[in-house]
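There are 2 protein chains.
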Amino acid sequence: MAPKAHRHPDIDDVELVTVLSALAEPTRLRIVHMLAVHGCSREGAHGGLLEGERAWKDLDLPIAQSTLSHHLRILREAGLLRNRTEGTRCFVSLRTDELDERFPGLLRTVLTCNDR
Amino acid sequence: MAPKAHRHPDIDDVELVTVLSALAEPTRLRIVHMLAVHGCSREGAHGGLLEGERAWKDLDLPIAQSTLSHHLRILREAGLLRNRTEGTRCFVSLRTDELDERFPGLLRTVLTCNDR
DNA sequence: TTCGATGTTCGACGAACATCGAACTACGAC
DNA sequence: GTCGTAGTTCGATGTTCGTCGAACATCGAA
Chain C
138 MAPKAHRHPD
148 IDDVELVTVL
158 SALAEPTRLR
168 IVHMLAVHGC
178 SREGAHGGLL
188 EGERAWKDLD
198 LPIAQSTLSH
208 HLRILREAGL
218 LRNRTEGTRC
228 FVSLRTDELD
238 ERFPGLLRTV
248 LTCNDR
Chain Y
138 MAPKAHRHPD
148 IDDVELVTVL
158 SALAEPTRLR
168 IVHMLAVHGC
178 SREGAHGGLL
188 EGERAWKDLD
198 LPIAQSTLSH
208 HLRILREAGL
218 LRNRTEGTRC
228 FVSLRTDELD
238 ERFPGLLRTV
248 LTCNDR
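Residue numbers (my numbering), protein chains in the order written: chain C, 138 to 253; chain Y, 138 to 253.
Structure (structure tokens):
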């Protein structure tokens, strides 16, 4: 659909438990990892990618589209990522800075641990 | 019961997602918080408390005993805490150092975030 | 040995969750 | 307008989870 506008919570309204719950699922942790590692890719020639963004369609995971959409919503509502719609396409990115202000060091620490 | 011996996982066998799942629940996060903040209490006169330990019975939460036991098991199996049995009593403590070696900074960061 | 205190395990229950396919919606292109 | 693309929402299904009370196991004390 790429509906008119997604709802992004005010970062100050996000609870720590909500963030942890969002991250406590293999698929979602992997999505966040992908966005962190490869989010800033310079595929300049490709599309209207902004800094740190990643196209929905490039998130190729072994799950159904509807399931991916579901996980992205969980992450969005936990304040972890932001959706930007451009025509029918949509791009996702981590809310790195805001999140770091609310929960200092959390995202970076988790991602570092995730690398083993 | 306080059975003969609890099973504590080798910290290297613990997955990040397991730890996050364990922490992603209000009651359990509160338990970990209590152990971190008040674990090192000097109630010297009271019992055989070791450094950083806390007696089972002192964890007074508004839940049934069986529920508390369940949560403690989840935390134990996630490598977050250790049980020590002494007679019929049992004491719990965070596996702070081991955990920090496996997932550097994770516990401290989460606890700091939890303080707001 | 009998009793009480301390935790653990065992169903059982409803709620929440991950997953899927199908129906739907919004947009660009023709 | 009509069609295809891109992503969301809905309904259904099976699983996991948090919670409880009851039964059980283990130990110290009387």
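Idealized CB from N, CA, C, for every residue including glycine. Since this is a predicted model, take the numbers as computed values, not measurements.
Ranking Y:MET171, Y:LEU205, Y:ALA201 and Y:HIS207 by CA distance to the CA of GLU190 (chain Y) puts Y:MET171 first. With at least 16 other beta carbons inside 10 angstroms of its own, ARG165 (chain C) counts as buried. Residue environment for ALA173 (chain Y): buried (at least 16 other C-beta atoms within 10 angstroms of its C-beta).
Put simply, of Y:PRO146, Y:LEU153, Y:LEU243 and Y:LEU212 the residue whose alpha carbon is nearest the alpha carbon of PRO163 (chain Y) is Y:LEU212.
The shortest C-alpha to C-alpha distance from ARG232 (chain Y) to any of Y:VAL247, Y:GLY216 and Y:GLU223 is the one to Y:GLY216. Note that the C-beta distance between LEU209 (chain Y) and VAL229 (chain Y) is below 8 angstroms. The beta carbon of LEU236 (chain C) lies closer than 6 angstroms to those of LEU244 in the same chain, with the five residues before and after it left out. DSSP, read as helix, strand or coil, puts THR233 (chain Y) in helix. Per DSSP, the unbroken beta strand (DSSP E) holding THR222 (chain C) starts and ends at 218-223. Listed along the chain, the chain Y residues whose CB falls inside 7 angstroms of the CB of LEU153 (chain C) are CYS250 and ASN251. With a threshold of 8 angstroms between beta carbons, LEU218 (chain Y) makes no contact with chain C.
With respect to the 8 angstroms criterion, LEU160 (chain Y) and VAL169 (chain Y) are classified as neighbours on the basis of their beta carbons. Listed along chain C, the residues sitting closer than 9 angstroms to THR246 (chain Y) by beta-carbon distance are PHE240, PRO241, GLY242, LEU243, ARG245, THR246 and VAL247.
ALA142 (chain Y) sits in coil when the DSSP states are folded into three classes, being neither helix nor strand. Within its own chain, the residues whose Cβ lies closer than 8 angstroms to the Cβ of PHE240 (chain Y), once the five positions on either side in sequence are excluded, are LEU153 and VAL156, listed in chain order.
GLY242 (chain Y) places its beta carbon less than 8 angstroms from that of THR246 (chain C). As the crow flies, the alpha-carbon of ALA192 (chain Y) is around 40 angstroms from that of ASP234 (chain C). Of the candidates Y:ASN251, Y:GLU214 and Y:GLU188, Y:GLU214 places its Cα closest to the Cα of VAL151 (chain Y). The three-state secondary structure of ALA173 (chain Y), taken from DSSP, is helix. Going by C-alpha positions, SER206 (chain Y) is about 44 angstroms away from LYS194 (chain C). Interface flag for PRO163 (chain C) against chain Y is set, since a Cβ pair is found closer than 8 angstroms.
Under the Cβ criterion of 8 angstroms, LEU166 (chain C) is counted among the residues facing chain Y.
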